[in-house]
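Colleague:
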Amino acid sequence: MNQDIFIAAKVSSAMEALFGASAANLPIQIQATRKEFTGDVTAVLFPVLKISKLSPEETGKKIGEYLLQTTPEIESYNVVKGFLNIKFSEDFWRTIFKNICADERFGFLPSTGRNVMVEFSSPNTNKPLHLGHIRNILLGWSVSKLLEANGHNVMKVNLVNDRGIHICKSMMAWKREGNGITPEMAGKKGDHLVGDFYVKFNDLYTAQVKEMIANGLSEEEAKREAPIMKQTQQMLVDWEKGDEETVALWKKMNSWVYDGFDKTYETLGVSFDRVYYESQTYLFGKSLVEKGLQMGVFERREDGSVWCDLTGDGLDSKLLLRGDGTSVYMTQDLGTAQQRFSEYNLDEHVYVVGNEQNYHFQVLKLILKKLGFDWADNIYHLSYGMVELPEGKMKSREGTVVDADDLLESMYNTAKETSMELGKIEGMSEEEQDELFRMISLGALKYFIIKVDPKKGMLFNPKESIDFNGNTGPFIQYTHARIKSILRKAAQAGWTAHIDDSAPLNDREISIIKAVNMYPVKVAEAGKAYSPALIANYAYDLAKEFNQYYHDVTILKEENNAVRETRLALASMIADTLTKAMDILGIRLPEKM
């Protein structure tokens, strides 16, 4: 039961009974009572004064008295100027407590029937996944789970950027310097090997440019005329023409990368409902370019390139096809958007892409509208800030990125070291220890990244993320394990978690019930904002509240059986809510720790 909706309906009924006028269309505003006043919820009276025709204080007293007499769930009220503060009875909160415990679907909102596609990850096949990709992947996964909890039908998709000039750079470097090496020969994951050659290309290109500048060319001329760059550009043209040798090399190197990506996704606990490949989708975009030319939306220039003039919309002109006929990112994004909305009857498409692409998605929606697709308004760009390290920004072509696999291994080792230092593994087998270390390391990584509002940039500090006492994943995991330990000891003693009507609820217990009862509200709020950070910080606050409660009261040593079993039920309810909240973030909670 949502207490805000409950009391809004009661205030509306009071208005009709007291003042003889329907308040159905009035905005009955309900909010949490401020800490300095007594009450659970507060009704803002100013909007109803035109019906009551009384002062705020008189209106509040009349409504308060009426509610006190007609609503047994209300224990008391007080009026402060235009605010009616209402305190619910202990029985009201006990009923809420029971309802939450009895509802397995608590926190999952009713089905909306809306079809929502979430695209995330979307890596290039010229390098391994890195820390920047990890934020994208974890955000995409948790936003998908969040939208599912909001009752939507969600499809998680990945668009692999497996073609283009950047892919050809790795291919060209391997062709020149690889000597036929394979991942097996190198003893490396395939995505790492291909990434090495992407860095190698930059080294070769930079050396050629320097040499050409030394021979009298300007920097701009040298960059444009460098032989290795011209050869790579021709390789892309050959690929689009279907040259057998070029396509065979492309397939071989991409297969190495796909295998590497899949292993990283598996470690992260992430999967997709469908994977798209740019090599298969870019032609959809080319057909739309032809349509746009026929409609007069696009223009072909003297060099054969195709552009969309957006200067009348306050933007610039956007390239859609190069003069040599090859496509750009925008080309395939136009095509895949049309394909997906048509194929899946989408109500919304969410793109999880960094904020450096804000302009790209502004242009994408505008061009689609010009092509006559009204569903373009249902595209949402979840724009997130970049991840930086204490050392600064990362650069793929210079080989200064934080590799995802290396980071995951480092997090595992840190979790192992920290857990052993704190004595968290007593009595565990080696297999159980390994599972716990993986759970803690992933929980630390995911929580540290997701707890930051997506729109904000962030500084990632691996050691800070594994702190059993701060606003971290391991703190919440430890709280859950502590509750499970209490429940195991209770079961061993023959005690059950049961809400006994004879057990009084103290203020702290009512406060916890209130907090848990707010979980569905938080799910709705987070879903509307596309911000799993709200769920992360809610879980932390709830875990923190339990730990304070556990410090202040006795549970297992409580002598009154009714009180003890009610407190066990309260602890169990918190554990269940933490499990649901953290599942949205893709974080598992251990039974022992």
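In the numbering used here, the protein residues as written are 2 to 594. Positions of the beta carbon are idealized from the N, C-alpha and C atoms, including for glycine.
#1: At which residue ranges does the region 319 to 407 contain complete alpha helix (DSSP H) runs of 4 or more residues, listed in the order of the chain?
#2: Could you work out which residue in Lys-558, His-552 and Gly-528 is closest to Ala-582 when comparing CA atoms only?
#3: Taking only runs that begin and end inside the region 564 to 591, name each unbroken beta strand (DSSP E) of 3 or more residues, in chain order.
#4: Given this structure, state the Cα-to-Cα distance separating Leu-1 from Ile-450, to the nearest angstrom.
#5: Could you give the first and the last residue of the continuous alpha helix (DSSP H) run that contains Trp-92?
#6: Got a sec? Which residues, its chain only, sit under 6 Å from Met-594 by beta carbon, not counting five neighbours each side?
#7: Along the chain, where does the beta strand (DSSP E) that runs through Tyr-277 open and close?
#8: Quick check: what's the CA-CA separation for Phe-20 versus Ile-31?
#9: Using only the alpha-carbon positions, how far apart do Glu-399 and Leu-205 sit?
#10: Which parts of the region 485 to 566 are runs of the alpha helix (DSSP H), unbroken and 4 residues or longer, counting only runs that do not cross its ends?
#11: Please classify Lys-396 as buried or exposed, where buried requires at least 16 other C-beta atoms within 10 Å of its C-beta.
#12: Any idea which residues DSSP pairs Val-144 with across the strands?
#13: For the beta strand (DSSP E) containing Leu-160, name the first residue and the last one.
#14: Just the Cα atoms here: how many angstroms apart are Lys-264 and Glu-221?
#15: Tell me which residues share the same chain as Lys-394 and place their Cβ nearer than 6 Å to its Cβ, disregarding the 5 neighbours each side in the sequence.
#16: Under 7 Å from any heavy atom of the ligand NAD, does the C-beta of Phe-262 make it?
#17: Who are Cys-309's beta bridge partners in DSSP?
#18: Can you give me the C-alpha to C-alpha distance between Glu-246 and Lys-252, rounded to a whole angstrom?
#19: Since I believe Met-254 is in contact with Cys-169 (beta carbons under 8 Å), could you give me their beta-carbon distance rounded to a whole number of angstroms?
#20: Report the option in Val-155, Thr-126, Lys-523 and His-193 whose CA atom is closest to the CA atom of Phe-273.
#21: Have a look at Asp-314, Tyr-345, Arg-341 and Gly-326 and flag the residue whose alpha-carbon is nearest the alpha-carbon of Lys-371.
#22: Do you know whose CA, among Gln-295, Gly-141, Pro-463 and Tyr-277, lies nearest Ser-384's CA?
#23: Expressed to the nearest angstrom, what Euclidean distance is found between the alpha-carbon atoms of Asn-127 and Lys-447?
#24: Would you mind giving the Cβ-Cβ distance between Val-42 and Gln-70, rounded to the nearest angstrom? I have them listed as a contact below 8 Å.
#25: When burial is assigned at 16 or more other CB atoms within 10 Å of the CB, is Ala-338 buried or exposed?
#26: Over what stretch of residues does the alpha helix (DSSP H) that includes Ala-33 continue unbroken?
#27: So for Asn-472, helix, strand or coil by DSSP?
#28: Determine the closest residue to Leu-408 out of Gly-217, Lys-224 and Gly-133, with distance taken between C-alpha atoms.
#29: Kindly give me the distance between the Cβ atoms of Leu-488 and Glu-389, rounded to whole angstroms, as I take these residues to be in contact under 8 Å.
#30: Going by DSSP in three states, Ser-219 sits in which element: helix, strand or coil?
#31: Which same chain residues end up closer than 6 Å to Phe-198 when comparing Cβ atoms and leaving out the 5 residues on each side of it in sequence?
Modeller: Well, looking at it:
#1: 330 to 345 and 359 to 371
#2: Gly-528
#3: none
#4: As shown, the chain starts at 2 and ends at 594. That puts residue 1 outside it, with no answer to give.
#5: Correcting the residue identity first, residue 92 is Asp in this sequence and not Trp. That run of the alpha helix (DSSP H) goes 91 to 103.
#6: Lys-425, Tyr-479 and Ala-482
#7: 275 to 278
#8: 20 Å
#9: The pLDDT assigned to Glu-399 is 46, lower than 50, so where the model puts this residue is not dependable, and the model offers no usable value.
#10: 508 to 518, 520 to 530 and 534 to 553
#11: Model confidence at Lys-396 stands at a pLDDT of 47, short of 50, so the residue's coordinates are unreliable; what they give is reported in the following sentence. It counts as exposed.
#12: The partner list for Val-144 (beta bridge, DSSP) is empty, contrary to what the question assumes.
#13: 154 to 161
#14: 41 Å
#15: Residue confidence is low: Lys-394 scores 49 on pLDDT, short of 50, so the model does not pin down where it sits. Its coordinate-derived value is still stated next. Excluding positions up to five away in sequence, the list is empty.
#16: Judged by which ligands are present, the structure shown has none, so any question about the ligand NAD falls away.
#17: Lys-319
#18: 10 Å
#19: Actually they do not touch by this definition, with Cβ atoms about 10 Å apart.
#20: Val-155
#21: Asp-314
#22: Gly-141
#23: 25 Å
#24: Not really, about 18 Å apart at Cβ, beyond 8 Å.
#25: buried
#26: That residue, Ala-33, is in no alpha helix (DSSP H); its beta strand (DSSP E) goes 30 to 33.
#27: coil
#28: Gly-133
#29: In fact, because the Cβ distance is near 41 Å, the residues do not count as touching under 8 Å.
#30: coil
#31: Ser-171, Ala-174 and Trp-175
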